[in-house]
Structures are given as structure tokens and as C-alpha cells.
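>
Residue numbers (the working numbering): 629 to 820.
In C-alpha cells:
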């Protein structure tokens, strides 16, 4: 899901005549799974696995979850500091897995010209779960404090997360609906 969605966005940006140079950050096992167009590359991260109880563990490495999240955080922060993107598009988790994006987002807010955008699919989980977890884990504060925009990949006339989830009160002005993502360019490229 995540890598396909981001690949679709990369294909759309490259195909729009913007000459965008795109650096994706993804887990190693995902990064090579989908062909990317010219002008797109990927920094790979060691994998995390979320257990049924919500605990994060290393997917392959024999290290603690704290060590792995610290490593991933450093790689992400260094990539953003070095690449200095115009836009940092974060998929789904505003603070990253295990809060790995906190220091990067703080750095961007203090020192960068980079605009931070949170990308969300329109249907996340049941409304009660979203309200409970987002209120408890700092998600709502992160959306308010770090993000310039929130893109929702969907159509509010079909499903309106702002209305249904009731958690976007302080950030509703940042929400933009993109419509559904067109998979055709990515699929055509993959079949070429």
C-alpha cells in the first residue's frame, strides 16, 4: 500500500512536466519492489515489523526496537538535511514509525524552507480507534505544529474523514482533497 501510493505520486509528479527530482525514503524490502521513472531514487531503511499488540520490532536485524528507530531517525534526518527538498511528503504516520520523524520535523521547522505535507488515504480505521489513538499519541499536535498541508487521497462526497473522524478540528484549514490517485501511469511504466 504505502510504496505503491508513493510510487503513484512520484509517477504523477514526473509526468506533470514539473521536472521534479524525487528522493523517496522506504524500507529496503519495499524500495525495489516497484519500478520508478527517471528522476526518482530511494534511500532505504532497515525494516520494522508491527506486532499484533502494536509493538514495533526489527524485521530482520538482531537489534532492539529503540536502536532500530534511532538508526532510522538518523538516516531520515541526514537525508532531509542533505537533500533539502522543497516538499517533505510523509505518508500516513505524522510522527513516523515509533516517532522516528520528530527530530527531522523539528529541524525542518527551525532551519529549513521545506514544506511538510502529510498524505492520508481517506479511510484509516474505525472512527473511535482514530479518535482514541490520535488524541493519545501526539498525532493531532504533530499535524498542527509540523505540517503545512494535509492531503487526503479521496473524494469527500464519497467519504469525508474530516466529518467522520471528528479529529481535524485544529487543522481542517490545512486539509486538501486530491481525489483518487490515478494508478495508470505507474502501471503502464511497470508493464513497459
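Glycine residues also receive a C-beta, built at the ideal position from the N, C-alpha and C atoms.
State the Cα-Cα distance for the pair residue 729 and residue 777, rounded to the nearest angstrom.
Position 101 of the chain shown, counted from the first residue, corresponds to residue 729. Position 149 of the chain shown, counted from the first residue, corresponds to residue 777. Using only the alpha carbons, I get a separation of about 16 Å.
> Count the other CB atoms, across all protein chains shown, that sit within 10 Å of the CB of residue 718; report buried if there are 16 or more and exposed otherwise.
On the chain shown, position 90 is the one that residue 718 refers to. Buried is the call here.
> Closer than 9 Å, CB to CB, is residue 770 near chain B or not?
Here chain B cannot be found, since the structure has a single protein chain.
> Please list the terminal residues of the continuous alpha helix (DSSP H) segment that includes residue 708.
Along the chain shown, one-based indexing puts residue 708 at 80. Counting along the chain, the alpha helix (DSSP H) containing residue 708 begins and ends at 693-711.
> Under 7 Å Cβ to Cβ from residue 632, same chain only, skipping five residues before and after it: list those, please.
Within the chain shown, residue 632 is the residue found at index 4, counting from 1. Closer than 7 Å at the Cβ level, and outside the excluded window around residue 632, lie 662.
> Looking at the structure shown, is residue 766 part of a helix, part of a strand, or coil, going by DSSP?
Here residue 766 is taken as the residue at index 138 of the chain shown, counted from 1. Residue 766 falls in the coil class under three-state DSSP.
> Report yes if the C-beta distance between residue 705 and residue 735 is below 9 Å; otherwise report no.
Within the chain shown, the letter at position 77 stands for residue 705. Within the chain shown, the letter at position 107 stands for residue 735. Yes. Within cutoff.
> To the nearest whole angstrom, what separates the beta carbons of residue 775 and residue 744, a pair I think is in contact under 8 Å?
The count along the chain shown starts at 1 and reaches residue 775 at position 147. The count along the chain shown starts at 1 and reaches residue 744 at position 116. Going by Cβ atoms, the distance from residue 775 to residue 744 rounds to 5 Å, so yes, they are a contact pair.
> Sort out for me which residues DSSP pairs residue 781 with in a bridge.
For the purposes of this step, residue 781 is taken as residue 153 along the chain shown, with counting starting at 1. Per DSSP, 749.
> Residue 771 by DSSP, collapsed to three states: which one?
Reading the chain shown from its first residue, position 143 is the one you call residue 771. The answer is helix: DSSP assigns residue 771 an H, G or I state.
> Taking 9 Å as the threshold (C-beta atoms), are residue 758 and residue 795 in contact?
To locate residue 795, count along the chain shown from 1; it is residue 167. To locate residue 758, count along the chain shown from 1; it is residue 130. Yes, the pair counts as a contact, with Cβ atoms nearer than the cut-off.
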